[in-house]
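Sequential numbering of the sequence shown, starting at 0, is according to my numbering. C-beta: ideal position from N, C-alpha, C; glycine also. First comes the structure, then the notes that go with it.
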Amino acid sequence: MTRILIVEDNQTNLALMEYLLRAFGYEVLTAHDGEHGIAMAARDLPDLILMDLQLPGISGFESAARIREASSATQVPIIAVTAFAMVGDRERVLAEGFDGYISKPITPETFVSEIEAYLPPGRRAVRGDPRP
Ligand code: MN
0 MTRILIVEDN QTNLALMEYL LRAFGYEVLT AHDGEHGIAM AARDLPDLIL MDLQLPGISG
60 FESAARIREA SSATQVPIIA VTAFAMVGDR ERVLAEGFDG YISKPITPET FVSEIEAYLP
120 PGRRAVRGDP RP
């Protein structure tokens, strides 16, 4: 099963993302701050990480950098999830080692397909395959 780690301090956003991903068949791990997210990335080896940028303590930028430094998790896709809407944020996010960027508020209808664009096809949840 494909494992996705969500690092997000806002419980409402976290619950929505977790619900949507579980509904499509993903295993979801959650952390409420960067410190736990970094530890879980190294220990649990997720297939993809969703990282809020504004976190208590260690920022999402710093957390992503530390995950990249850990030899066990250097290749994992890390997607920034942020309410930042300023011009240049996307460029900064990509320049600082993130693989992509998703804007909050989350759009439930498209969220999972946005995430799956960053997963190799073999790691995506099987969908639209009703059994007769
Ligand atoms: Mn936050």
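> Rounded to a whole number of angstroms, what is the C-alpha to C-alpha distance between P120 and I114?
Replying inline: 12 Å
> Along the chain, where does the alpha helix (DSSP H) that runs through R21 open and close?
Replying inline: 10 to 22
>> Beta-carbon distances below 6 Å to any heavy atom of the ligand MN define the shell here; list its residues in chain order, please.
In response: D8, N9, D51, Q53, L54
> Among Q53, M16, Q74, E90, which residue has its Cα nearest to the Cα of T106?
Replying inline: M16
>> V80 and L47 - do their beta-carbons sit closer together than 8 Å?
In response: no
>> Within 8 Å, do at least three Cβ pairs link the segment 16 to 25 to the segment 52 to 68?
In response: no
>> Using only the alpha-carbon positions, how far apart do P131 and A38 sit?
In response: Reliability fails at P131, whose pLDDT of 49 lies under 50, so the model's placement of it is uncertain and the value that follows must be treated cautiously. Near 43 Å, if we compare the C-alpha coordinates of A38 and P131.
> Taking the C-alpha atoms as reference points, what is the distance between R89 and E7?
Replying inline: 18 Å
> Helix, strand or coil for I5 per DSSP?
Replying inline: strand
>> Ignoring anything shorter than 4 residues, give me the alpha helix (DSSP H) runs that lie fully in the segment 41 to 129, in order along the chain.
In response: 59 to 68, 88 to 94, 110 to 115
> Bridge partners of A38, per DSSP?
Replying inline: Answer is none; A38 lacks a bridge partner.
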